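Below is one structure; the comments refer to it alone.
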Amino acid sequence: MNNNNFLDKNILLIDDSKTILMFLASVLKKEGYTNLHSALSAKKAYSILKNKKINLILLDVVMPDIDGVQACQSIRNTPETAHIPIIMVTGDDSDETLKKSFDAGADDFTTKPINFMNLNTRIKSVLSHKEKDLQILNQTRYTAMNDMIDTLAHQWRQPLAAISAAVLDIEIAYELDELTPENMKSHLKNINNYTQDLSKTIDEFRSLSKVESKAKEVNINKLLSYTMKIISSTYMSQNISLEVKEQTNLKPIFAYPNELVRVLLSFFQNTQEAFSKVNKDSKKTVQIKTRQDNFYTTISIKDNAGGISKENLLKVFDPYFSTKKEKNGKGLGLYSSKQAIEEHMGGKISIFSKNNTTEVMIQLKMSEQKRLQKEGI
Ligand SMILES: Nc1ncnc2c1ncn2[C@@H]1O[C@H](COP(=O)(O)OP(=O)(O)OP(=O)(O)O)[C@@H](O)[C@H]1O
Ligand SMILES: [Mg+2]
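Going by the working numbering, the first residue of the sequence shown is number 1073, and it counts up by one from there.
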């Protein structure tokens, strides 16, 4: 990637010193960066982030009121800003500050007095990593679309067969001179219902493939039922039973619903692919549970499809790690799910495997969101 492609990126500079802000802006301008924005406090930065699409943040650590580490955490925990790369800029290069910054979700770190060569290299490296992530994301969307088309084809099969059977019935009854008006009416009504079903599924799939620009309040149980409806016919045809245990009083969480459905579908797809390798006679079960505690809404999806070896378990979130040579697995499902949940929605994703089971767990926060909204993000 040509580094000059980054020069028009929106960079937000946050520092409580006007002199440092001016210095940073002037050196970056000299380097050719054209879209620079400055904020003297985290609060001011939050309001810029609300109104502007920012591609990179340079964030001072020591600031009054909300310091850089807290600001970094808030930005990471907010779905709309969670994906923005952050480079911490600080005079304090102690191990403790370094650890705190990375724990809060910073991508990189540079020290004051600012060495411009060093900063510029870091900016380009962070932006280029982001660009690569985006390319992988696009590739994943393409694979996810292919999987969805398979599911759609499966869902269409039954109503299409029913329409075709109704047409055949009409034809035979007509040829035998047995076609009564009631008979005709009833067939036409059924055909009409089936075509409406087909049109509804296609609309649902179209909206699912859309990339959303804003996070929304989501009812997790409803979203899960919707996702299960999509996979139910495929699961039924493969004798996979779904066991659902939902906690009823879940707090609404802030997320991107279509993206979340795509993530869940990729887990269900993995489970189904794992079952295709196990003994046909074994009982295939997927347990879906939701749970609420003070901090998190948790979704757990657990299958008994054989499990994952200890060695592979360490690699499943790596991009391009796949054990599915036969189906030409890209190895992007779990990687991009992690990006979506952790970087885009400020949540957590984990995977466990014991005996012959695999459990994927997603945790999403609402309470934090409310706190941030109060803070003004
Ligand atoms: N439920 C599961 N049971 C057993 N193994 C699993 C399960 N989920 C994931 N894995 C393992 O993790 C690997 C990575 O999964 P991931 O979804 O990232 O990629 P993939 O399914 O191989 O390819 P893609 O999703 O890009 O089509 C899989 O190849 C498989 O070995
Ligand atoms: Mg997969």
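Note that the Cβ used here is the ideal one computed from N, Cα and C, for glycine as well.
Values in this document were obtained by computation on a predicted structure and should not be read as measured data.
| request: Would you mind working out which of 1365, 1345, 1151 and 1125 sits nearest residue 1358, comparing C-alpha positions? | output: Looking up residue 1358 in the sequence shown gives position 286. With distances taken between Cα atoms, residue 1358 lies closest to 1345.
| Does at least one heavy atom of ligand 2 sit under 7 Å from the Cβ of residue 1378? | Taking the first residue of the sequence shown as 1, we reach residue 1378 at position 306. It does not: the Cβ of residue 1378 is nowhere closer than 7 Å to a heavy atom of ligand 2.
| message | Can you tell me whether residue 1103 is helix, strand or coil according to DSSP? | response | Locating residue 1103 in the sequence shown gives position 31, where the first residue counts as 1. Correct three-state label for residue 1103: helix.
| said: I need the straight-line Cα distance from residue 1353 to residue 1201, nearest angstrom please. | reply: On the sequence shown, position 281 is the one that residue 1353 refers to. On the sequence shown, position 129 is the one that residue 1201 refers to. Those two C-alpha atoms are separated by around 46 Å.
| query | Using the beta-carbon count (16 or more within 10 Å), is residue 1146 buried or exposed? | reply | To locate residue 1146, count along the sequence shown from 1; it is residue 74. Buried.
| Closer than 7 Å: residue 1338 CB and nearest ligand 2 heavy atom | For the purposes of this step, residue 1338 is taken as the residue at position 266 of the sequence shown. Because some heavy atom of ligand 2 lies under 7 Å away, the Cβ of residue 1338 counts as near it: yes.
| task | Please report the Cβ distance between residue 1092 and residue 1128, rounded to the nearest whole angstrom; I am assuming they are in contact, meaning their Cβ atoms lie under 8 Å. | result | Here residue 1092 refers to the residue found at position 20 when the sequence shown is read from its first residue. Here residue 1128 refers to the residue found at position 56 when the sequence shown is read from its first residue. Actually they do not touch by this definition, with Cβ atoms about 17 Å apart.
| Can you list, in chain order, the stretches of the beta strand (DSSP E) that have 3 or more residues and sit fully within the region 1361 to 1446? | 1368 to 1375, 1420 to 1426 and 1429 to 1437
| Contact set, ligand 2 heavy atom to C-beta under 5 Å | 1342 and 1405
| field | Same chain, Cβ closer than 7 Å to residue 1173, neighbours up to 5 away in sequence not counted | value | Against the sequence shown, residue 1173 aligns to sequence position 101. Answer for residue 1173: 1133, 1141, 1144, 1160 and 1181, listed in chain order.
| Whole-angstrom Cβ separation of residue 1316 and residue 1413, contact assumed at under 8 Å? | As a first step, residue 1316 must be located in the sequence shown, where it is residue number 244. As a first step, residue 1413 must be located in the sequence shown, where it is residue number 341. No, residue 1316 and residue 1413 are not in contact; Cβ-Cβ is about 21 Å, not under 8 Å.
| query | How big is the Cα-Cα spacing for residue 1175 and residue 1167? | reply | Here residue 1175 corresponds to residue number 103 of the sequence shown, with the count starting at 1. Here residue 1167 corresponds to residue number 95 of the sequence shown, with the count starting at 1. Near 12 Å, if we compare the C-alpha coordinates of residue 1167 and residue 1175.
| What residue does the alpha helix (DSSP H) around residue 1287 start on, and which one ends it? | Position 215 of the sequence shown, counted from the first residue, corresponds to residue 1287. Where residue 1287 is concerned, there is no enclosing alpha helix (DSSP H), given that its DSSP letter is neither H nor E.
| query | When burial is assigned at 16 or more other CB atoms within 10 Å of the CB, is residue 1123 buried or exposed? | reply | Along the sequence shown, one-based indexing puts residue 1123 at 51. Classification of residue 1123: exposed, given that the 10 Å Cβ count is below 16.
| query | How would you label residue 1295, buried or exposed, when you count the other beta carbons within 10 angstroms and need 16 or more for buried? | reply | For this step, residue 1295 is matched to residue 223 along the sequence shown. Label assigned to residue 1295: buried.
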